[in-house]
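Protein chains in written order, with this note's numbering: chain P, 54 to 368; chain U, 7 to 440. Backbone N, C-alpha and C fix where the C-beta goes; we use that ideal spot for every residue, glycine too. Note that the structure is predicted; figures quoted are calculated from it, not measured. The structure appears below as structure tokens.
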Amino acid sequence: MTLTASAPRRTARPPATLRQRLARLSPYAYVTPFFALFAAFGLFPLIYTAYVSLYRVELQTPDQMEWRGLDNYTALFGDDNFWTALRNTFTIGVISTVPQLLMALGLAHLLNYKLRGRTFFRVTMLLPYATSVAAATLVFAQLFGRDFGLINYLLHLVGIGPVDWQSGTVASQIAVSTIVTWRWTGYNTLIYLAGMQAIPSDLYEAAELDGASRWRQFLHVTLPGLRPTILFTIVVSTIGATQLFGEPLLFEGSISGGISHQYQTLGLYMYEQGWGFFHLGRAAAIAWVMFVLIVLLVLVNTAVARRRSGKENQR
Amino acid sequence: MSISRAARQATLRLGAVALAGTLLAACGSGSSDSSAQNGGKVTLTVDLFGTFGFKEAGLYAEYHKLHPNITFKESSTENEADYWKALQTRLAGGGGLADVQGIEVGRIASVTQQQADKFEDLNSYGAKSLKNDYSAAKWNAAGTPDGRTLGLGTDVGPEAICYRTDLFMKAGLPTDRDELAKKWATWDDYLALGKQYQAKAGSSSHWMDSIGSLYSLIVGQQKERYYDASGKLIYKDNPAVKTAWDTSVKAAQDGLSAKLAQWTPAWNQAFSSGSFATIGCPAWMLGYIKGQAGSAGNGTWDVAPLPGGAAGNWGGSYLAIPKGSPHAKEAYALIKWLTAGPQQEKLFKKQGSFPSNTAAIKAVSGVTDPYFSNAPVGEIFGKAAESAPVQVLGVHDNDVNVQITNALGEVERKGTSSATAWSHADKGVENAVG
Numbered sequence: 054m055t056l057t058a059s060a061p062r063r064t065a066r067p068p069a070t071l072r073q074r075l076a077r078l079s080p081y082a083y084v085t086p087f088f089a090l091f092a093a094f095g096l097f098p099l100i101y102t103a104y105v106s107l108y109r110v111e112l113q114t115p116d117q118m119e120w121r122g123l124d125n126y127t128a129l130f131g132d133d134n135f136w137t138a139l140r141n142t143f144t145i146g147v148i149s150t151v152p153q154l155l156m157a158l159g160l161a162h163l164l165n166y167k168l169r170g171r172t173f174f175r176v177t178m179l180l181p182y183a184t185s186v187a188a189a190t191l192v193f194a195q196l197f198g199r200d201f202g203l204i205n206y207l208l209h210l211v212g213i214g215p216v217d218w219q220s221g222t223v224a225s226q227i228a229v230s231t232i233v234t235w236r237w238t239g240y241n242t243l244i245y246l247a248g249m250q251a252i253p254s255d256l257y258e259a260a261e262l263d264g265a266s267r268w269r270q271f272l273h274v275t276l277p278g279l280r281p282t283i284l285f286t287i288v289v290s291t292i293g294a295t296q297l298f299g300e301p302l303l304f305e306g307s308i309s310g311g312i313s314h315q316y317q318t319l320g321l322y323m324y325e326q327g328w329g330f331f332h333l334g335r336a337a338a339i340a341w342v343m344f345v346l347i348v349l350l351v352l353v354n355t356a357v358a359r360r361r362s363g364k365e366n367q368r
Numbered sequence: 007m008s009i010s011r012a013a014r015q016a017t018l019r020l021g022a023v024a025l026a027g028t029l030l031a032a033c034g035s036g037s038s039d040s041s042a043q044n045g046g047k048v049t050l051t052v053d054l055f056g057t058f059g060f061k062e063a064g065l066y067a068e069y070h071k072l073h074p075n076i077t078f079k080e081s082s083t084e085n086e087a088d089y090w091k092a093l094q095t096r097l098a099g100g101g102g103l104a105d106v107q108g109i110e111v112g113r114i115a116s117v118t119q120q121q122a123d124k125f126e127d128l129n130s131y132g133a134k135s136l137k138n139d140y141s142a143a144k145w146n147a148a149g150t151p152d153g154r155t156l157g158l159g160t161d162v163g164p165e166a167i168c169y170r171t172d173l174f175m176k177a178g179l180p181t182d183r184d185e186l187a188k189k190w191a192t193w194d195d196y197l198a199l200g201k202q203y204q205a206k207a208g209s210s211s212h213w214m215d216s217i218g219s220l221y222s223l224i225v226g227q228q229k230e231r232y233y234d235a236s237g238k239l240i241y242k243d244n245p246a247v248k249t250a251w252d253t254s255v256k257a258a259q260d261g262l263s264a265k266l267a268q269w270t271p272a273w274n275q276a277f278s279s280g281s282f283a284t285i286g287c288p289a290w291m292l293g294y295i296k297g298q299a300g301s302a303g304n305g306t307w308d309v310a311p312l313p314g315g316a317a318g319n320w321g322g323s324y325l326a327i328p329k330g331s332p333h334a335k336e337a338y339a340l341i342k343w344l345t346a347g348p349q350q351e352k353l354f355k356k357q358g359s360f361p362s363n364t365a366a367i368k369a370v371s372g373v374t375d376p377y378f379s380n381a382p383v384g385e386i387f388g389k390a391a392e393s394a395p396v397q398v399l400g401v402h403d404n405d406v407n408v409q410i411t412n413a414l415g416e417v418e419r420k421g422t423s424s425a426t427a428w429s430h431a432d433k434g435v436e437n438a439v440g
């Protein structure tokens, strides 16, 4: 664009000034940093990981890449430990997510009442979330100790024998899930609380006029109003559960997720392959499988939610 | 400083370091060296794991006095597995390496066979003339087939048994170390004595800490463990591995184990609570016991020679210089001094790290340790080091050991059958080596 060449004719629309042109381009300019950063730190690693996953690459000798085609993937699907990890990720995901979201819903409902010191409780809710994974896990690992742990001591008081929270498959998964639940319940509570406060209060008043109990109000006013929020928390929790890593790693400090992989998640399995055994190619293959898995799960979540709300609208 | 200790390390605190360490390693390239080279002044960076004890024994200060232009910056990662991860990341990225890096004996084969080009050949600085100062096994393990020397040996890990005299007395067992050595001449004798102990001690105390450590101890006596001399993986068909496995499984079936995985917090606590009466004791374990059992344990421990005839080796380390170090010459002078006789002698007296330097081995032969009931530790470990076989080291020694001891953990803690557990170990090794 040249400003000098503008010989204005009366009838013609005046050409855009530099300022106007910039104004038209500026939205793109504003989003550019994000996309530039995403390309460098999101897209490129994604594609490079796919590339690496087709080779045999060892951390000790990263310059010797050996073409393997899809062998990394077939080896992966032929490995019992992969399926164990997949199953563990699912079971730990369920054990941690379901009670967590239910408790969060209940707590949010309570906090929504006019309580004395409400702000205090709300802030307290967020404290576990602000604690680092490492710190929380270290404390919980002590609590769950087999010989000197507090939890076994309490169980002993009510006559239940010592539980080996590290070696038992169910026990260890419950222990790991407890840490996840503890950390994330408060966070989800606050999100539900925000959602609840967006529900118009006249709905509740109307319900109360109709003689609906608190419980019925919760079922018929709060829950439908929270649907988008609940969907959001489920999607986020699903992604979080699929990527679960820090808690199981730090629980015993074992990269294999316990002596018999009893609580090894997919994230930890990837870490073991990549940073325990230094098989970078194999780890990259796992990363991609996890990526596809998460995308699938999110699509399923959304599809289910869409179908449900579609049905609602038809009513 | 043993590899198994490092790898089996399940201490949560260290797990946290693992996370941080990996992240740091990933970001660490680029800030390669921080030496201030003005006026001949040199700052040497030394990166280690566990407790080498150089700083604790005052060796840096001493060296600085001898060479005022040299100052030091030491960094140390407690868990060797994390250290090794970080080191590998830096070697791959080419940045963030220190002038001197510690290498565990279980990794030295990986260095000489896979990464020889990434470390300085110390012979080009004159290391060849030092050869006779070190035990042959220690020296040769750091050499490459084409005659390069990539590291100088620090300590070795000759094995013995440490035991609680107070618990032995309560159970009516003899406490004299010579008598015990005769009583547990073989591993079967050791287990038989264990049964005797167990019958008296009940369920609150056990004969040993875990069968995983018993296994490591027995297999440490072997010349060939997981690899043969040609570098072939032979652990599956090695009768010595099988025997060590079977003995360990038998110990679990006899109920002799406290089922405490090594390097976990619960295991640490057990040193003072008395959950186990004996523990496999490579020389460096002495310092660890003192640290965990504290002053309350003073005089309740003793050391006796290992069952099963010949002694074994468990752990030990090297110092190496990565290629590209701007102060390779100064670094070489330092590691030559640190691994020389007088310094290794000091480290044994201070830390219990048994010397690999022949002059130092002679010098410490009369050392006794009051904490361990005045046991002649210099003599016991000296004899053990002398009779320990020259082990064949392989690239994945550590991985194989971790998988097998994990599987043994399943046997004792989950009641998994021996055959199933072994198949899990097999599977794990396949994964690790694959």
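Compare the C-beta of residue i with all C-beta atoms of chain P and state if any pair is closer than 8 angstroms.
i        : result
U/Asn412 : yes
U/Gly330 : no
U/Pro212 : Sequence check: residue 212 of chain U is His here, not Pro. Not one chain P Cβ lies under 8 angstroms of U/His212.
U/Ser116 : yes
U/Gln121 : yes
U/Asp260 : no
U/Gln94  : yes
U/Leu20  : Since pLDDT at U/Leu20 reaches only 39, below the 50 mark, its modelled position is unreliable, and no value is offered.
U/Thr28  : Unreliable positioning characterises U/Thr28 in this predicted model, as indicated by a pLDDT of 40, which lies under 50. The coordinate reading is nonetheless provided below. Yes - at least one Cβ of chain P is within 8 angstroms of the one on U/Thr28.
Compare the C-beta of residue i against all C-beta atoms of chain U and say whether one is closer than 8 angstroms.
i        : result
P/Gly239 : no
P/Gly198 : yes
P/Asn165 : no
P/Pro301 : no
P/Pro115 : yes
P/Glu261 : no
P/Phe330 : yes
P/Ile204 : no
Going by Cα to Cα distance, which pick from the options is closest to residue i?
i        : options                                : result
U/Ile217 : U/Lys201, U/Trp251, U/Ala187           : U/Trp251
U/Ala317 : U/Asp123, U/Leu262, U/Gly132, U/Cys287 : U/Cys287
U/Gln441 : U/Ala235, U/Thr51, U/Thr57             : Outside the modelled stretch of chain U, which goes from 7 to 440, sits residue 441 of chain U, for which no answer is possible.
U/Thr118 : P/Val151, P/Thr150, P/Asn205, P/Thr114 : P/Thr114
U/Ala302 : U/Phe174, U/Ala289, U/Gly280           : U/Gly280
U/Leu325 : U/Lys242, U/His402, U/Glu126, U/Ala246 : U/Glu126
U/Asn146 : U/Trp273, U/Ser362, U/Ala264           : U/Ser362
U/Gly440 : P/Gln326, P/Ala340, P/Ile347, P/Val348 : P/Gln326
P/Gly146 : P/Ala260, P/Val233, P/Thr355, P/Trp120 : P/Val233
U/Lys124 : U/Gln94, U/Ala391, U/Glu185            : U/Gln94
U/Thr441 : U/Val370, U/Met291, U/Pro311           : No answer is possible for residue 441 of chain U: it lies beyond the span of chain U, which begins at 7 and ends at 440.
P/Asp116 : U/Leu292, U/Leu97, U/Thr83, U/Ala390   : U/Leu97
U/Tyr66  : U/Asp195, U/Thr57, U/Trp90, U/Glu80    : U/Glu80
U/Ile167 : U/Gln120, U/Phe282, U/Asn437, U/Asp139 : U/Phe282
U/Ala369 : U/Asn75, U/Tyr203, U/Ser379, U/Phe387  : U/Phe387
Check the DSSP bridge columns for residue i and list the partner residues they point to.
i        : result
U/Leu54  : U/Ser82
P/Phe130 : For P/Phe130, which the question treats as bridged, DSSP gives no partner whatsoever.
U/Phe282 : U/His212
U/Ala394 : BP columns for U/Ala394 are empty, so no partner.
U/Tyr66  : Per DSSP, none; premise fails for U/Tyr66.
U/Pro361 : U/Asp161
U/Thr49  : U/Thr77
Could you check whether the stretch 277-290 of chain P touches the stretch 209-218 of chain P, counting it as contact only if at least three pairs of C-beta atoms, one from each stretch, sit closer than 8 angstroms?
Flag = no, the stretch 277-290 of chain P and the stretch 209-218 of chain P do not touch.
Can you list the alpha helix (DSSP H) stretches of 4 or more residues lying completely in the stretch 298-346 of chain U, in chain order?
Runs of alpha helix (DSSP H) with 4 or more residues, each lying fully within the stretch 298-346 of chain U, are found at 334-344, listed in chain order.
Report yes or no: do three or more beta-carbon pairs, one from the stretch 44-54 of chain U and one from the stretch 305-320 of chain U, lie closer than 8 angstroms?
Taking one beta carbon from each stretch, the stretch 44-54 of chain U and the stretch 305-320 of chain U have fewer than 3 pairs nearer than 8 angstroms; the two do not touch.
Taking only runs that begin and end inside the stretch 88-121 of chain P, name each unbroken alpha helix (DSSP H) of 4 or more residues, in chain order.
Residue ranges of uninterrupted alpha helix (DSSP H) with 4 or more members, entirely inside the stretch 88-121 of chain P and ordered along the chain, are 97-105.
Would you be able to state if there are at least three C-beta pairs under 8 angstroms between the stretch 233-250 of chain P and the stretch 154-164 of chain P?
By the Cβ criterion, the stretch 154-164 of chain P is in contact with the stretch 233-250 of chain P, since at least three pairs of Cβ atoms, one from each stretch, lie closer than 8 angstroms.
Identify every run of the beta strand (DSSP E) within the stretch 107-144 of chain U, keeping only runs that are complete inside it and at least 3 residues long; order them along the chain.
Listed in chain order, there is nothing to give.
Should the stretch 296-310 of chain P be regarded as contacting the stretch 198-209 of chain P, the criterion being three or more beta carbon pairs within less than 8 angstroms?
Fewer than three beta-carbon pairs drawn from the stretch 296-310 of chain P and the stretch 198-209 of chain P are found closer than 8 angstroms, and the two stretches are therefore not classed as touching.
With three or more C-beta pairs closer than 8 angstroms as the rule, is the stretch 295-302 of chain P touching the stretch 141-148 of chain P?
Cβ pair count under 8 angstroms is three or more, so yes.
Enumerate, from N- to C-terminal direction, the unbroken alpha helix (DSSP H) stretches of 4 or more residues contained entirely within the stretch 236-323 of chain P.
Taking 4 residues as the shortest admissible run, the stretch 236-323 of chain P contains the following complete alpha helix (DSSP H) segments, listed from N- to C-terminal end: 254-262, 267-270, 276-295, 299-305.
Could you tell me whether the stretch 329-341 of chain P touches the stretch 103-113 of chain P, using the rule of 3 or more Cβ pairs below 8 angstroms?
Verdict: yes, contact present.
Quick check: the stretch 161-168 of chain U against the stretch 319-338 of chain U, are at least 3 beta-carbon pairs closer than 8 angstroms?
At 8 angstroms Cβ cutoff, the stretches touch.
Take every Cβ of the stretch 210-225 of chain U, pair it with every Cβ of the stretch 255-270 of chain U, and state whether three or more of those distances are shorter than 8 angstroms.
Yes, the stretch 210-225 of chain U is in contact with the stretch 255-270 of chain U.
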